[in-house]
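Protein chains in written order, with this note's numbering: chain E, 747 to 869; chain C, 18 to 617. Where is the CB? At the ideal position from N, CA and C, for every residue including glycine. This report concerns only the one structure given below.
In structure tokens, the structure reads:
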């Protein structure tokens, strides 16, 4: 997937955006100050930069994201699987299950997801 | 600005001695806690910042004014580094080669200093700009850092942890560090803040920017940074149990792998010398109390020894060095233990030369001195403020200023003859000069502690009996001609009778008149002719005559020399106005007067 790159600190910003959008820039400044410790100018700069990269759009002071959290997360996974697991998703899953304890509930949810993909429908 | 720059240079040299001492102490006191080292560097900073200092005999600094202000005004370049051999070697080497107006261009010292001062200022500006630029660049990089907690931030642009900010310091960490390692790193950076390192390091760099030309300052800064890190490690370790040390060193190592260009910034903390720090952490033992006490005592000793300046020169030496010809109303030369003609009143023009000679005074004060059975040549100086001083050369061994005896450089003392045109006398000491009657005068000559009467010293020329000096002069010439006899070079005869020759020269105008009148009568083709020609040349030169023509060329005899000299004088009188003639060719002028109105 060709998603624009999001750096770590920008990702933290996006988390705030995803949680509160649509949100005014002014409100964003306040939230970033509280949670990230950013100055107002910093927040505005980041909004501008991400806007240029196509991650969000800023219309008349209201900011909405163009890339959803799921898309961003998926992009990260893609990159990780590509780099660390030579593109093999099963290898990634195998490594994952080896280290993590998966509850019965989580297993059921994963099963449902696999069924849906097989049927070719939306996730 | 020149004077300020000179002071900066001198201060950096003084501080340089201190830096060397601290480096030495660092080596010796490896077992001492590191905060002692940082304290020592603090003393260096004090030395560099304080514009004034206390004088004390306990000072360990060789000299507080290694390059004296005199180099700005010239004409000679002396250094007073406080180290005898170095001073001697440099000053001897420069003594003949550097004399402004003669062997080097006039005002050379001033121009060179100005150029260097400008260069220094440029360096200061450059370094300051570099520091400011680095700081702003770093600030820009960590703008998007997100707060972790309190004043701790994380950013993807941070390679290894550091503290930034002087007033409200913040700790910046890379995202990659977490868990226990993060806690150790935070502890380390917080220790930096508690120790106020975020003030000391910028201060150190500021001083470095000012004293950048001294390589010892760079050394000091590098070691300061190292010691700050080590002291910080120690502070953290003190609060940990020994089992945690491994974890701490692991965190250290992990951080150093991700180093980037940020470490070049002078205001951030790179991880400096990781290997040394790991070793130090693993081997750390709480220092014994006695070591701490000893270290503190050493610090106090260093402070006393190096924050104070060496004791000031004695007043008499200070006076001599600062003497200015404009403050002198008159001066005489008095020669002790000389047979006759042991007195001379100095001409106005000679005062400047005498002052220049006296300004060069230097030496070690001797509270006790040996009684010398030798000769002495003294200047007795009457100041415009009414006081009298004396400066003398005792047997080329002692420099005497007023009542103080100094051990001075033999070469300099012996060179008084060269540096001052005529150190001889041309008359006996006038009656009543030392405030005593005539019969006591004879013993006076060996009594060194006398001073002339403060009363107006009359012009000795007026006191001299109105006797015709011509027979005396003739007598002197005869004495000189009397030996060695086997030579035909006049030079050998003069060498054999230096004192008599000097006396001849001392008579000055009288000798010239005598010689000229002898030459005018003609036929001076023998040794006498040569001797007289020599004397005429020397006296003319002393008078300031511009001897541009070699009157000896093509001549074998004194008479020949004189004829050429006279012909030249006559030519000059046609070319120049009388005042100019008198100013530039006084001897020729005298001859022309004699020719015009001959005196029998």
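Taking CB distances under 8 Å as the criterion, tell me whether residue 275 of chain C reaches chain E. As a position in the second chain, residue 275 of chain C is number 258, starting the count at 1. Summary for residue 275 of chain C: the model assigns pLDDT 45, below 50, so the residue's position carries little reliability; its value from the coordinates is reported in the next sentence. Output row for residue 275 of chain C: interface = no.
Determine the contact status of residue 36 of chain C and residue 61 of chain C, defining contact as a CB-CB distance below 8 Å. By 1-based counting over the second chain, the position of residue 36 of chain C is 19. By 1-based counting over the second chain, the position of residue 61 of chain C is 44. Less than 8 Å divides the Cβ of residue 36 of chain C from the Cβ of residue 61 of chain C.
Could you give the residue range of the beta strand (DSSP E) that holds residue 350 of chain C? Taking the second chain and counting its residues from 1, one reaches residue 350 of chain C at position 333. Where residue 350 of chain C is concerned, the enclosing beta strand (DSSP E) stretches over 345 to 353.
Local Cβ density within 10 Å of residue 381 of chain C, reported as buried at 16 or more and exposed below that: Against the second chain, residue 381 of chain C aligns to sequence position 364. Counting Cβ neighbours within 10 Å, residue 381 of chain C comes out exposed, since fewer than 16 surround it.
Excluding the five sequence neighbours on either side, which residues of its own chain have a C-beta within less than 8 Å of the C-beta of residue 59 of chain C, listed in chain order? The residue you call residue 59 of chain C lines up with position 42 of the second chain. Listed in chain order, the non-local C-beta contacts of residue 59 of chain C below 8 Å within the same chain comprise 217, local neighbours out to five positions each way being set aside.
Cβ contact (3+ pairs, closer than 8 Å) linking the stretch 546 to 562 of chain C and the stretch 496 to 508 of chain C: Contact between the stretch 546 to 562 of chain C and the stretch 496 to 508 of chain C is present: three or more C-beta pairs spanning the two stretches fall below 8 Å.
Cβ-Cβ distance between residue 348 of chain C and residue 368 of chain C below 8 Å: Locating residue 348 of chain C in the second chain gives position 331, where the first residue counts as 1. Locating residue 368 of chain C in the second chain gives position 351, where the first residue counts as 1. Yes.
Got a sec, what are the start and stop residues for the alpha helix (DSSP H) residue 595 of chain C sits in? Sequence index remark: in the second chain, residue 595 of chain C carries index 578 (1-based). Per DSSP, the continuous alpha helix (DSSP H) segment holding residue 595 of chain C begins and ends at 595 to 601.
Identify which residue in E:794, E:813 and E:851 has its Cα closest to the Cα of residue 805 of chain E. For the purposes of this step, residue 805 of chain E is taken as the residue at position 59 of the first chain. Of the candidates E:794, E:813 and E:851, the one whose C-alpha sits nearest the C-alpha of residue 805 of chain E is E:794.
Can you name the residues of chain C whose CB is closer than 8 Å to the CB of residue 782 of chain E? The count along the first chain starts at 1 and reaches residue 782 of chain E at position 36. Listed along the chain, the chain C residues whose CB falls inside 8 Å of the CB of residue 782 of chain E are 163 and 164.
Kindly list, in the order they appear in chain E, the residues whose Cβ is closer than 8 Å to that of residue 173 of chain C. For the purposes of this step, residue 173 of chain C is taken as the residue at position 156 of the second chain. Taking a Cβ-Cβ threshold of 8 Å, the residues of chain E close to residue 173 of chain C are 753, 754 and 755, in chain order.
Please name the residue, chosen from C:94, C:103 and C:228, that lies closest to residue 127 of chain C on a Cα-to-Cα basis. Taking the first residue of the second chain as 1, we reach residue 127 of chain C at position 110. Looking at the Cα atoms, C:94 is the closest of the given residues.
Could you give the first and the last residue of the continuous beta strand (DSSP E) run that contains residue 331 of chain C? What you label residue 331 of chain C is simply residue 314 of the second chain in a count that begins at 1. Looking at the DSSP string, residue 331 of chain C is not in any beta strand (DSSP E), and its letter there is neither H nor E.
Residue 600 of chain C versus residue 144 of chain C: straight-line alpha-carbon distance, rounded: As a working mapping, residue 600 of chain C is identified with position 583 in the second chain. As a working mapping, residue 144 of chain C is identified with position 127 in the second chain. Rounded to whole angstroms, the gap between the alpha carbons of residue 600 of chain C and residue 144 of chain C is 55 Å.
For residue 160 of chain C versus residue 788 of chain E, is the C-beta spacing smaller than 8 Å? Indexing the second chain from 1 puts residue 160 of chain C at position 143. Indexing the first chain from 1 puts residue 788 of chain E at position 42. Contact: yes.
Residues of chain C with a CB under 7 Å from the CB of residue 775 of chain E: which are they? Taking the first chain and counting its residues from 1, one reaches residue 775 of chain E at position 29. Here the premise fails: no neighbours, minimum Cβ distance about 14 Å.
Return helix, strand or coil for residue 462 of chain C, following the three-state DSSP convention. Within the second chain, residue 462 of chain C is the residue found at index 445, counting from 1. Low local confidence applies: a pLDDT of 47 at residue 462 of chain C is under 50, so the model's placement there is unreliable, with the coordinate-based value given in what follows. Shown here, residue 462 of chain C sits in coil according to DSSP, grouped into three states, outside any helix or strand.
Residue nearest to residue 250 of chain C in terms of C-alpha spacing, selected from C:228, C:229, C:264 and C:208: Residue numbering aside, residue 250 of chain C sits at position 233 when the second chain is read from its first letter. Of the listed residues, the one whose Cα sits closest to residue 250 of chain C is C:208.
Cβ-Cβ distance between residue 556 of chain C and residue 528 of chain C below 8 Å: Here residue 556 of chain C refers to the residue found at position 539 when the second chain is read from its first residue. Here residue 528 of chain C refers to the residue found at position 511 when the second chain is read from its first residue. In terms of Cβ geometry, residue 556 of chain C and residue 528 of chain C form a close pair [threshold 8 Å].
Assuming residue 191 of chain C contacts residue 180 of chain C (C-beta within less than 8 Å), just tell me the rounded distance between them. Stepping through the second chain from its first residue, residue 191 of chain C is reached at position 174. Stepping through the second chain from its first residue, residue 180 of chain C is reached at position 163. With 8 Å as the limit, residue 191 of chain C and residue 180 of chain C do not qualify as a contact, their Cβ atoms being about 14 Å apart.
Do we get a CB-CB distance below 8 Å when we pair residue 279 of chain C with the residues of chain E? Position 262 of the second chain, counted from the first residue, corresponds to residue 279 of chain C. Residue placement at residue 279 of chain C is poorly supported in this model, since its pLDDT is 36, which falls under 50; the coordinates still yield a value, given next. Output row for residue 279 of chain C: interface = no.
What residues in the stretch 175 to 203 of chain C bring their beta carbon closer than 8 Å to a beta carbon of chain E? Answer in chain order: 192.
Between residue 472 of chain C and residue 605 of chain C, what straight-line distance do the alpha-carbon atoms span, to the nearest angstrom? For the purposes of this step, residue 472 of chain C is taken as the residue at position 455 of the second chain. For the purposes of this step, residue 605 of chain C is taken as the residue at position 588 of the second chain. Note that residue 472 of chain C has pLDDT 45, beneath the 50 cutoff, so the model's placement of it is unreliable and no number is given.
Shorter than 8 Å from the beta carbon of residue 799 of chain E to some beta carbon of chain C? Within the first chain, residue 799 of chain E is the residue found at index 53, counting from 1. False, the Cβ-Cβ gap to chain C never drops below 8 Å.
Checking 8 Å against the spacing of the C-beta atoms, do residue 197 of chain C and residue 264 of chain C come in under that value? Against the second chain, residue 197 of chain C aligns to sequence position 180. Against the second chain, residue 264 of chain C aligns to sequence position 247. Their beta carbons are under 8 Å apart, which means residue 197 of chain C touches residue 264 of chain C by this criterion.
Can you tell me whether DSSP reads residue 108 of chain C as helix, strand or coil? Within the second chain, numbered from 1, the residue matching residue 108 of chain C stands at position 91. Residue state, collapsed to three classes: helix.
Assigned secondary structure, residue 432 of chain C (DSSP; H/G/I helix, E/B strand, else coil): Stepping through the second chain from its first residue, residue 432 of chain C is reached at position 415. Residue 432 of chain C falls in the coil class under three-state DSSP.
Measuring alpha carbon to alpha carbon, tell me which residue in C:98, C:31, C:50 and C:55 is nearest residue 66 of chain C. By one-based count along the second chain, residue 66 of chain C stands at place 49. Among C:98, C:31, C:50 and C:55, the Cα nearest to that of residue 66 of chain C is on C:31.
Beta carbon of residue 519 of chain C, beta carbon of residue 541 of chain C: below 8 Å? In the second chain, residue 519 of chain C corresponds to position 502, counting from 1. In the second chain, residue 541 of chain C corresponds to position 524, counting from 1. Residue 541 of chain C is positioned such that its CB atom lies no closer than 8 Å to that of residue 519 of chain C.
Candidates C:271, C:430 and C:356, of which the one nearest residue 517 of chain C by Cα: In the second chain, the residue the question calls residue 517 of chain C occupies position 500. Nearest C-alpha to residue 517 of chain C: C:356.
Can you name the residues of chain C whose CB is closer than 8 Å to the CB of residue 792 of chain E? Stepping through the first chain from its first residue, residue 792 of chain E is reached at position 46. Think of a sphere of 8 Å around the beta carbon of residue 792 of chain E: the chain C residues whose beta carbon falls inside it are 161, in chain order.
Which bits of chain C does residue 758 of chain E rub up against, with CB to CB less than 7 Å? Along the first chain, read from residue 1 onward, the residue named residue 758 of chain E stands at position 12. Ordered by position in chain C, the residues that pass the 7 Å Cβ test against residue 758 of chain E are 163.
Suppose the cutoff is 6 Å on Cβ atoms and the five residues either side in sequence are ignored; what does the same chain contact list for residue 436 of chain C look like? One-based indexing of the second chain puts residue 436 of chain C at position 419. The answer, listed in chain order, is 374.
Residue from E:807, E:813, E:776 and E:838 with nearest C-alpha to residue 801 of chain E: Here residue 801 of chain E corresponds to residue number 55 of the first chain, with the count starting at 1. Of the candidates E:807, E:813, E:776 and E:838, the one whose C-alpha sits nearest the C-alpha of residue 801 of chain E is E:813.
With a CB to CB cut of under 6 Å and the five nearest residues on each side skipped, what residues in its chain are close to residue 164 of chain C? Numbered from 1 along the second chain, position 147 holds the residue referred to as residue 164 of chain C. Excluding positions up to five away in sequence, the list reads 170.
For residue 252 of chain C, collect the residues of the same chain with a Cβ closer than 6 Å to its Cβ; drop the 5 residues on either side in sequence, then sort them by chain order. Position 235 of the second chain, counted from the first residue, corresponds to residue 252 of chain C. Cβ neighbours of residue 252 of chain C beyond the five flanking positions: 208.
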